[in-house]
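**Student:** Numbering (my numbering), first residue to last: 132 to 554.
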Amino acid sequence: MKFSGISLLLALSATSTSAFAPVAQQQVTVARAVDTELFANGERRKAAIRKVAKGVATIAVAMGVPAVGPALAARKTVEVVETVDKTADLVSKAVPVVGAVAAGAAAFVATSKKKQNFLEAEPYWDQSAVPVNVFKNKAPFTGKVVSTKRIVGPQATGETCHIIIDHEGDFPYWEGQSWGVIPPGTREKDGKPHSVRLYSIASSRYGDDMTGKTGSLCVRRATYWCPELKADDPAKKGICSNFLCDTKPGDEVAMTGPAGKVMLMPEEDPNTDYIMVATGTGIAPYRGFIRRLFVEDTPAAKAYKGQAWLFLGVANSDALLYDDEWQSVLKSNPDQFKLDYALSREQSNKKGGKMYIQDKVEEYSDEIFNKLDNGAHIYFCGLKGMMPGIQDMLKEVCAAKDIDFDEWLKGLKKNKQWHVEVY
Numbered sequence: 132m133k134f135s136g137i138s139l140l141l142a143l144s145a146t147s148t149s150a151f152a153p154v155a156q157q158q159v160t161v162a163r164a165v166d167t168e169l170f171a172n173g174e175r176r177k178a179a180i181r182k183v184a185k186g187v188a189t190i191a192v193a194m195g196v197p198a199v200g201p202a203l204a205a206r207k208t209v210e211v212v213e214t215v216d217k218t219a220d221l222v223s224k225a226v227p228v229v230g231a232v233a234a235g236a237a238a239f240v241a242t243s244k245k246k247q248n249f250l251e252a253e254p255y256w257d258q259s260a261v262p263v264n265v266f267k268n269k270a271p272f273t274g275k276v277v278s279t280k281r282i283v284g285p286q287a288t289g290e291t292c293h294i295i296i297d298h299e300g301d302f303p304y305w306e307g308q309s310w311g312v313i314p315p316g317t318r319e320k321d322g323k324p325h326s327v328r329l330y331s332i333a334s335s336r337y338g339d340d341m342t343g344k345t346g347s348l349c350v351r352r353a354t355y356w357c358p359e360l361k362a363d364d365p366a367k368k369g370i371c372s373n374f375l376c377d378t379k380p381g382d383e384v385a386m387t388g389p390a391g392k393v394m395l396m397p398e399e400d401p402n403t404d405y406i407m408v409a410t411g412t413g414i415a416p417y418r419g420f421i422r423r424l425f426v427e428d429t430p431a432a433k434a435y436k437g438q439a440w441l442f443l444g445v446a447n448s449d450a451l452l453y454d455d456e457w458q459s460v461l462k463s464n465p466d467q468f469k470l471d472y473a474l475s476r477e478q479s480n481k482k483g484g485k486m487y488i489q490d491k492v493e494e495y496s497d498e499i500f501n502k503l504d505n506g507a508h509i510y511f512c513g514l515k516g517m518m519p520g521i522q523d524m525l526k527e528v529c530a531a532k533d534i535d536f537d538e539w540l541k542g543l544k545k546n547k548q549w550h551v552e553v554y
């Protein structure tokens with residue numbers, strides 16, 4: 132007997148078909164599908180959901196998306212379920228958890244099958260109409276938080292969160308741009324509103340759900356360790372980062388922008404190589420790049436013939452950001468995607484010292500210089516403290532190659548191959 136994807140979902144739901152809306156409404160349904168208080172212990176809840184998710188993962192395959200394997204479907208289903216808010220209304224109607232997870236799988240698969248071509252310029256690489264500063268400080272946009280999720284392990288040096296914000300399609304942006312966030316409240320010193328903080332957008336223009344109605348931020352909670360107190364001093368914590376990392380679904384966020392053009396991808400030549408260098412949350416814009424080129428069904432992805440090379444520097448393995456996504460892309464695109472990590476507390480450089488981002492890049496200096504000579508674009512994003520080490524390393528490499536560093540850098544900037552966004 133042959134079952135359609137919908138038949139399988141209905142069979143799984145067993146006690147209720149009302150939980151499953153038409154495809155156009157599936158994501159709304161999923162957002163109300165599982166009560167986050169269903170299990171008393173968070174880890175037990177996640178383990179239970181993962182167990183159920185594995186059982187329904189094959190639905191993705193049954194629904195005709197061969198590129199989405201059971202393991203990936205299960206992981207995506209868990210991500211959908213883990214980010215929902217209160218759902219007592221559906222639980223009270225006795226909709227089983229299995230049905231909810233199945234709905235999550237259906238929503239993910241349905242979204243994956245839809246082409247991401249409805250937010251493109253004509254032609255897709257034309258940057259003449261890139262939106263810039265549509266919303267300003269005095270008249271900001273109000274977004275609503277969809278989910279806030281910690282994305283680092285217990286041994287990471289600090290907390291980093293992935294925050295998805297709903298803008299209902301009214302706040303378009305391009306990969307490589309930033310959103311401004313105005314934290315609520317006023318400054319203690321003068322009673323004026325807090326100033327805008329810029330955050331690189333960590334999703335493509337289509338958002339994590341690929342509907343074009345959400346965007347994501349990658350935010351590290353800024354804290355200050357007081358040596359006298361031997362504890363974090365709450366009076367000196369980062370106002371905006373702590374506000375964002377503490378948000379819950381439904382919370383409002385005052386936003387400005389989108390800002391900047393320096394980090395945009397030059398997509399007119401689909402053979403362009405991209406070298407992306409990041410420290411910490413500087414990974415954000417590259418997540419948008421990589422999703423656009425390798426994950427989504429975009430005109431840019433169809434045309435792209437170059438190679439994207441990602442370098443990420445963090446303290447240790449627990450601090451790696453979006454590693455599961457990079458590994459998935461690497462497995463699917465081994466010839467077009469390269470990945471290298473600099474783990475300062477776990478790896479050593481050639482001199483026996485800590486492995487910082489400049490040390491990892493230096494290991495491949497010959498290949499990188501060759502790519503740049505052939506038109507590759509290189510991007511740097513992260514804390515501004517990364518750039519002195521990067522430039523010192525590049526000067527040494529240039530000296531070894533008998534290249535005038537200043538002229539070399541001037542040439543890259545003139546050709547718009549050099550992109551820097553640090554904070």
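The beta-carbon is built from N, C-alpha and C at its ideal position, and this holds for glycine as well.
(1) Using the C-alpha atoms, what's the distance from SER326 back to PRO465?
(2) Count Cβ pairs between the stretch 506 to 513 and the stretch 467 to 481 that sit closer than 8 Å; are there 3 or more?
(3) Since I believe PRO389 is in contact with VAL263 (beta carbons under 8 Å), could you give me their beta-carbon distance rounded to a whole number of angstroms?
(4) Span of the alpha helix (DSSP H) holding PHE500?
(5) Since GLY419 and ILE332 are thought to touch, with beta carbons under 8 Å apart, how far apart are those beta carbons, to the nearest angstrom?
(6) Around the C-beta of PRO430, are 16 or more other C-beta atoms found within 10 angstroms, so that it is buried, or is it exposed?
(7) Between the Cα of VAL277 and the Cα atoms of LYS436, LYS344, ARG318, PHE266, which residue gives the shortest distance?
(8) Quick one: what's got a C-beta closer than 7 Å to LYS436's C-beta in the same chain, skipping five residues either side?
(9) Can you have a look at ARG318 and say buried or exposed, based on whether 16 or more other CB atoms are within 10 angstroms of its CB?
(10) Check whether the stretch 530 to 545 and the stretch 376 to 387 touch, using three or more Cβ-Cβ pairs below 8 Å as the test.
(11) GLY444 bridges to which residues according to DSSP?
(12) Short check: CB of CYS292 to CB of VAL350, under 8 Å?
(13) With a threshold of 8 Å on Cβ separation, who are the neighbours of TYR304 within its own chain once the five nearest residues in sequence on each side are excluded?
(14) Provide the residue(s) that pair with VAL276 in DSSP beta bridges, ordered along the chain.
(15) Nearest-angstrom Cα distance between VAL551 and GLY381?
(16) For PHE468, is the classification buried or exposed, using 16 other Cβ atoms within 10 angstroms of its Cβ as the cut-off for buried?
(17) Among residues of its own chain, excluding the 5 on either side of ARG423, which ones have a beta-carbon nearer than 7 Å to its beta-carbon?
(18) Any idea if ARG328 is buried or exposed, counting beta-carbon neighbours within 10 angstroms, 16 or more meaning buried?
(19) Out of MET341, ALA252, TRP549, LEU514, state which residue places its alpha-carbon closest to the alpha-carbon of CYS488.
(20) How long is the line joining the alpha carbons of TRP549 and GLN258, rounded to whole angstroms?
(21) Under 8 Å, do GLN286 and ASN447 count as touching if we go by C-beta distance?
(22) Classify PHE239 as buried or exposed, calling it buried when 16 or more other Cβ atoms lie within 10 Å of its own Cβ.
(23) Going by DSSP, name the residue or residues bridged to TRP549.
(24) Since TRP310 sits in a beta bridge, which residues does DSSP pair it with?
(25) Using 8 Å as the threshold, is the C-beta distance between LEU451 and TYR472 below it?
(26) Under a three-way DSSP split, which group does GLU399 fall into?
(27) GLY289: which of PHE442, MET386, ALA434, ASN373 sits nearest, CA to CA?
(28) Here's the rule I'm using: 16 or more other beta-carbon atoms within 10 Å means buried, otherwise exposed. How should LYS207 be labelled?
(29) Output needed for LEU525: all residues of its chain with C-beta closer than 7 Å, excluding positions within five of it in sequence on either side, in chain order.
**Tutor:** In terms of the structure at hand:
(1) Residue 465 sits at position 334 when you count from the first residue of the sequence shown. Residue 326 sits at position 195 when you count from the first residue of the sequence shown. Using only the alpha carbons, I get a separation of about 43 Å.
(2) no
(3) Taking the first residue of the sequence shown as position 1, residue 263 is located at position 132. Taking the first residue of the sequence shown as position 1, residue 389 is located at position 258. VAL263 to PRO389, Cβ: 7 Å. Contact.
(4) In the sequence shown, residue 500 corresponds to position 369, counting from 1. Here the alpha helix (DSSP H) through PHE500 covers 496 to 504.
(5) Taking the first residue of the sequence shown as 1, we reach residue 419 at position 288. Taking the first residue of the sequence shown as 1, we reach residue 332 at position 201. Sure, about 6 Å apart at Cβ, within 8 Å.
(6) The residue you call residue 430 lines up with position 299 of the sequence shown. Under this definition PRO430 is a buried residue.
(7) To locate residue 277, count along the sequence shown from 1; it is residue 146. Minimum Cα distance to VAL277 is reached at LYS344.
(8) Numbered from its first residue, the sequence shown carries residue 436 at position 305. These residues qualify, in order along the chain: PRO401, ASN402.
(9) The count along the sequence shown starts at 1 and reaches residue 318 at position 187. Exposed.
(10) no
(11) On the sequence shown, position 313 is the one that residue 444 refers to. For GLY444, which the question treats as bridged, DSSP gives the partners THR410, ALA473.
(12) As a position in the sequence shown, residue 292 is number 161, starting the count at 1. As a position in the sequence shown, residue 350 is number 219, starting the count at 1. Going by C-beta atoms, CYS292 is nearer than 8 Å to VAL350.
(13) Position 173 of the sequence shown, counted from the start, is the residue given in the question as residue 304. The answer, listed in chain order, is PRO262, TRP310, ILE332, ARG336, GLY346, GLY388, PRO389.
(14) Looking up residue 276 in the sequence shown gives position 145. Answer by DSSP bridge pairing, in chain order: ILE296.
(15) On the sequence shown, position 420 is the one that residue 551 refers to. On the sequence shown, position 250 is the one that residue 381 refers to. Going from the Cα of VAL551 to the Cα of GLY381 covers about 34 Å.
(16) For the purposes of this step, residue 468 is taken as residue 337 along the sequence shown, with counting starting at 1. Classification of PHE468: buried, given that the 10 Å Cβ count is 16 or more.
(17) Translated into the one-based positions of the sequence shown, residue 423 becomes position 292. Excluding residues within five positions, the ones whose Cβ falls inside 7 Å are GLU306, SER335, THR429, ALA431, ALA432.
(18) To locate residue 328, count along the sequence shown from 1; it is residue 197. Result: buried.
(19) Locating residue 488 in the sequence shown gives position 357, where the first residue counts as 1. Residue identity differs from the one stated: residue 488 is Ile in this sequence, not Cys. With distances taken between Cα atoms, ILE488 lies closest to LEU514.
(20) Residue 549 sits at position 418 when you count from the first residue of the sequence shown. Residue 258 sits at position 127 when you count from the first residue of the sequence shown. Straight-line Cα distance between these residues: approximately 18 Å.
(21) To locate residue 286, count along the sequence shown from 1; it is residue 155. To locate residue 447, count along the sequence shown from 1; it is residue 316. For GLN286 and ASN447, yes; Cβs fall inside 8 Å.
(22) The sequence position of residue 239 within the sequence shown is 108, counting from 1. The pLDDT assigned to PHE239 is 43, lower than 50, so where the model puts this residue is not dependable; a value taken from the coordinates is nonetheless given after this. Flag for PHE239 reads buried.
(23) Numbered from its first residue, the sequence shown carries residue 549 at position 418. Note: TRP549 sits in a beta bridge opposite ILE509.
(24) Along the sequence shown, read from residue 1 onward, the residue named residue 310 stands at position 179. According to DSSP, TRP310 bridges with TYR330.
(25) Along the sequence shown, read from residue 1 onward, the residue named residue 451 stands at position 320. Along the sequence shown, read from residue 1 onward, the residue named residue 472 stands at position 341. The answer is yes: Cβ separation under 8 Å.
(26) As a working mapping, residue 399 is identified with position 268 in the sequence shown. Of the three classes helix, strand and coil, the one that applies to GLU399 here is coil, per DSSP.
(27) Here residue 289 refers to the residue found at position 158 of the sequence shown. The residue with the shortest Cα to Cα distance from GLY289 is ASN373.
(28) Taking the sequence shown and counting its residues from 1, the one referred to as residue 207 is at position 76. Caution is warranted here: a pLDDT of 41 is assigned to LYS207, below 50, making its placement in the model unreliable, and the coordinate value is therefore given only provisionally. Buried, by the Cβ-count rule.
(29) The sequence position of residue 525 within the sequence shown is 394, counting from 1. Closer than 7 Å at the Cβ level, and outside the excluded window around LEU525, lie PHE536.
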